[in-house]
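Right, one structure below, let's go through it.
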Amino acid sequence: MKTHKPKIVAALTVCHGIYKKAVFVFNEQPVKIHFLTMDEYREMVATLSPARVREWAGMLRKVDERKPIYYCIWTVRVNEYHLITNKIQELLDAVISESFATFEMVISSIEVREEREAN
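Residue numbers for the sequence shown follow this note's numbering, beginning at 99 and rising by one.
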């Protein structure tokens, strides 16, 4: 489905409270998104290697743990990219250059958050 970025922002905002992770396809580019809670984010950061913490230091400093957190992974050719952000617009700017894009969800990739995990 071809849509404008604000509609994609709205869809991903709604997904944060419902999904743990899912794969979305933006202009034929698959992007795996983990919708992290504060505790999940802290746990993920605690398991990072010292080298990865240094590599991601600038990105990690910008994350506000009290807001929804999006951890995104995608591959372009042979390079794997990672983005951790509170800002969906930052994610979209990283993977979409136009003001509108095709936007799909890979239904089989969805991992739904259990009711008690959402809090």
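From the three backbone atoms N, C-alpha and C, an ideal C-beta is built for every residue, glycine too. From a predicted model like this one, the values you see are computed outputs, not experimental measurements.
Check	Outcome
Same chain only: Cβ atoms within 7 Å of GLN127, ignoring 5 sequence neighbours per side	TRP172 and VAL193
Residue-chain proximity (MET157, chain D), Cβ-Cβ < 8 Å	Of the chains in the structure shown, none is chain D; there is only one protein chain.
Selected residue, minimal CA-CA separation from LYS105, among SER206, GLU202 and GLU209	GLU202
Bridge partner(s) assigned by DSSP for THR173	GLU178
Check whether LYS103 and LEU181 have beta carbons under 8 Å apart	no
Beta-ladder partner(s) of HIS132, from DSSP	LYS119 and TYR169
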